[in-house]
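Visitor:
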Amino acid sequence: MKLSQLYANKKFKNIVFNDGLNLVLAKVTKKLDLNQDSHNLGKTTLISVIDFMLLKELNDEHIFKTYKEKFS
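Quick note, the sequence shown lines up with residues 2 to 73 if you use this note's numbering.
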């Protein structure tokens, strides 16, 4: 199984996967915003979505179950 890209119809940046190794990096774009650093930029959420797309079993703590109303 191969993922070529992830996209959504809501606020979610399209992600294109290349052949070989793909890395998830965070880049802070609002350096003047002291409340934003490399945390809370969506890296873990992206990994959870990739796991879901690759058919990983969902446990009760998975983001799709935790925020069920947002994903239904």
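For each residue, glycine too, the CB sits at the ideal point set by N, CA and C. These figures come from a predicted structure and were not determined experimentally.
(1) I need the DSSP call for residue 17, collapsed to helix, strand or coil.
(2) Express the C-alpha separation of residue 23 and residue 9 in angstroms, rounding to a whole number.
(3) Between 51, 59, 64 and 58, which lies nearest to residue 3 when the distance is taken from Cα to Cα?
(4) What residues are listed by DSSP as bridge partners for residue 7?
(5) In terms of alpha-carbon separation, which member of 7, 49 and 21 lies closest to residue 62?
Guide: Result, derived from the coordinates:
(1) strand
(2) 20 Å
(3) 51
(4) 16
(5) 49
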